[in-house]
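All remarks here apply to the structure that follows.
Structure below.
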């Protein structure tokens, strides 16, 4: 059992880190405080081969591994936390589910622009009445000549203010087996995109309204019965979520470490106070433990889609560690950490959101308990 990166992985990490330092670190503060998607960064990352890392070469990807994509997120985030979101969008979540199940025609239509950083794929899962209980979604697809009419709405949709195409979870019929997904392009008749709303992190989302929105038959990604496949692909999104949460926690940790090494109070560096030392000891343990669980989930997924249990454990640990470390780093830095002159307060706000997105930490605990007891616990009334 080896807990170190291979020589190839380390060389890749070094190369990505050098690129991020030279090309992404400048402007990182301003970029993080902008609600807009950084298209110029997406173009740079694409040119560097950092979008579609784990997608097959025949689909336009790099043919690498999930571990490579995790390394890329972590190295990029160490110099520009906001740019890590672009690496996520080009490797995990909706794009990975799309690449796993899309037809050749669908891939040819959308993947070139997505992997070139010219377009981004939005994800529509949550609804006003369906959040963690995603199987209660009401957005529907009714069969008509040549396609379907979609009716319903979506909230909190990732990248919705700027996405060029949306992967929408909806209902073709009743029950679990009636759930599937479709692709809806921005500008489609019957699709209305609401005014942007802001999360605490500064990231924006828009409500999506479907009123007899017509899509053709070839816009169906996974038809009735596709829900379980969609959720299995969603486990990959959790690896990306975990990677960013952990990376931003480590970014804040490093900034606080630098600060504690030079900030003087009562005549000495504050790192010489035992209370500060204990904070860093606890933060270091949390980061190391989360890192190992993340690597386990990523490495063991190379034979196929990730283990639901291992990705759930990794996300729970990385979400908690990322937020707790970023929050403690802010405390160490005091008013400097709380100020928007640094990105530490941004890391706190951003990591807090990932404790909700992609499966709340409470839902994650439910899933872990089901593995422990080897049975399903029905949460419904």
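Numbering (this note's numbering), first residue to last: 752 to 1132. The C-beta atom is built at its ideal place from N, Cα and C for all residues, glycine as well.
- Secondary structure note for residue 873: its beta strand (DSSP E) is the uninterrupted segment 872–875.
- Every alpha helix (DSSP H) of 4 residues or more that sits fully in the stretch 773–851 is shown, in chain order, as 779–783, 790–798, 817–828, 832–840.
- Between residue 837 and residue 1049, the C-beta spacing is not below 8 angstroms.
- The Cβ-Cβ distance between residue 919 and residue 933 falls below 8 angstroms.
- Taken in chain order, the complete beta strand (DSSP E) segments of 3 or more residues contained in the stretch 956–992 are 959–967, 971–973.
- For residue 886, the secondary structure class from DSSP, reduced to helix, strand or coil, is helix.
- An exposed status is given to residue 949, since fewer than 16 other beta-carbon atoms sit within 10 Å of its beta-carbon.
- In this model, residue 982 and residue 795 are separated by some 31 angstroms (Cα to Cα).
- Here residue 1020 carries a strand assignment [DSSP, helix/strand/coil].
- For residue 993, the closest alpha carbon among the candidates 1013, 1002, 1069 is that of 1069.
- Annotation for residue 883: 1111, 1114 place their beta carbon closer than 7 angstroms to its own, counting only its chain and skipping 5 residues before and after.
- For residue 1026, the three-state secondary structure derived from DSSP is helix.
- The C-alpha of residue 840 lies about 39 angstroms from the C-alpha of residue 1026.
- For residue 1088, the enclosing alpha helix (DSSP H) stretches over residues 1059–1089.
- In the structure shown, the three-state DSSP call for residue 1102 is helix.
- In the three-state DSSP reduction, residue 878 falls in the strand class (E or B).
- Put simply, of 1098, 888, 1041, 877 the residue whose alpha carbon is nearest the alpha carbon of residue 958 is 877.
- Rounded to the nearest whole angstrom, the CA to CA distance from residue 761 to residue 768 is 10 angstroms.
- Counting C-beta pairs with one atom in each stretch, the stretch 861–876 and the stretch 895–915 have three or more that are closer than 8 angstroms, which means they touch.
- Closest in alpha carbon position to residue 890, among 921, 896, 843, 910, is 921.
- If the five residues before and after residue 813 are omitted, its C-beta is found closer than 8 angstroms to the C-beta atoms of 800, 803, 804, 805, 806, 819, all from its own chain and listed in chain order.
- When rounded, the separation of the alpha-carbon atoms in residue 784 and residue 953 is 7 angstroms.
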